[in-house]
Amino acid sequence: MNDEQLIRDLIERWAGAVHDGDLPTVLADHAPDIVMFDVPPPEQGVRGIEEYAETWPGFFEWQASGAVFEIESLEITAGTDVAFAIALLRCGDHTDFERHPDRRLRLTLGLTKTSGRWTVTHEHHSFTLLPSDQTPAD
Numbered sequence: 000m001n002d003e004q005l006i007r008d009l010i011e012r013w014a015g016a017v018h019d020g021d022l023p024t025v026l027a028d029h030a031p032d033i034v035m036f037d038v039p040p041p042e043q044g045v046r047g048i049e050e051y052a053e054t055w056p057g058f059f060e061w062q063a064s065g066a067v068f069e070i071e072s073l074e075i076t077a078g079t080d081v082a083f084a085i086a087l088l089r090c091g092d093h094t095d096f097e098r099h100p101d102r103r104l105r106l107t108l109g110l111t112k113t114s115g116r117w118t119v120t121h122e123h124h125s126f127t128l129l130p131s132d133q134t135p136a137d
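Under numbering that gives the first Met the number 0, residues 0 to 137 are what the sequence shown spells out, in order.
What follows is the structure in C-alpha cells.
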C-alpha cells in the first residue's frame, strides 16, 4: 500500500471513529504533541494529546443527538516523511443542513512519518462565516 492510501485509510478510520464516538480510535494515530485549531475556543488551540482528548466528549454527545460527520472530499499530498490532507466534511444536524445545505466543515491535517508509521501532528477545523455571524463594519 502506498503512503497516500495509508493516509487515506488513517483519515477514514479517524472520521468513522468520530462518527461512532470511539475516543480510543480517534486518538490512535495522533502524535503526543498534537496541535489542533478547532471551531470552538480556545483561540490558541489545544496542545498535546490530553487536551485534544478533552475536546471530544461534548462533540460526541452532540453527534449522538442525530448529527452527521462524514467525509465528502479528501485530497492528500504525501512526501517521504511529511504529508498534508485537506477535506470537506458534512458536519451538522438536520436543522443545520435545512438552513445551509452547502455548508461544509473544512479540515486540514499535517502528518509526519516516523519508523514507517504516519501520525497526525496538526489538525485544523473551520467553517466559513455565515452572513448572520458577521457584524457590520463601523
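For each residue, glycine too, the CB sits at the ideal point set by N, CA and C.
Residue i: buried (16+ other C-beta within 10 angstroms of its C-beta) or exposed?
i     : result
Val25 : buried
Gly91 : buried
Gln62 : buried
Met35 : buried
In angstroms with no decimal places, state the Cα-to-Cα distance between residue i and residue j.
i      : j      : result
Val67  : Asp32  : 28 angstroms
Leu110 : Thr120 : 5 angstroms
Gly115 : Asp37  : 28 angstroms
Thr76  : Arg46  : 24 angstroms
Ala52  : Ile70  : 21 angstroms
Asp137 : Ala30  : Here Asp137 scores only 46 on pLDDT, less than 50, and its place in the model should not be relied on; the value that follows carries that caveat. If I take the Cα positions, the gap works out to 43 angstroms.
Thr79  : Lys112 : 8 angstroms
Asp8   : Glu97  : 31 angstroms
Gln4   : His123 : 21 angstroms
Pro41  : Met0   : 38 angstroms
Trp55  : Trp117 : 22 angstroms
Val81  : Leu22  : 25 angstroms
Asp19  : Phe59  : 8 angstroms
Glu74  : Glu50  : 27 angstroms
With respect to the alpha helix (DSSP H) encompassing residue i, which residues constitute its N-terminal and C-terminal limits?
i     : result
Glu50 : Ile48 to Glu53
Thr79 : No alpha helix (DSSP H) holds Thr79; DSSP gives it neither H nor E.
His18 : Asp2 to Asp19
Glu97 : His93 to Arg98
Rounded to the nearest angstrom, how far is the Cβ of residue i from that of residue j, given a contact under 8 angstroms?
i      : j      : result
His93  : Gly65  : 7 angstroms
Leu108 : Ile10  : 7 angstroms
Phe83  : Leu104 : Wrong, their Cβ atoms sit about 17 angstroms apart, outside the cutoff.
Got a sec, what are the start and stop residues for the beta strand (DSSP E) residue i sits in?
i      : result
Asp32  : His29 to Phe36
Gly109 : Leu104 to Thr113
Glu122 : Arg116 to Ser125
Would you verify that the beta carbon of residue i is, or is not, closer than 8 angstroms to some beta carbon of chain D?
i     : result
Asp21 : Note that chain D does not occur in the displayed structure, where there is just one protein chain.
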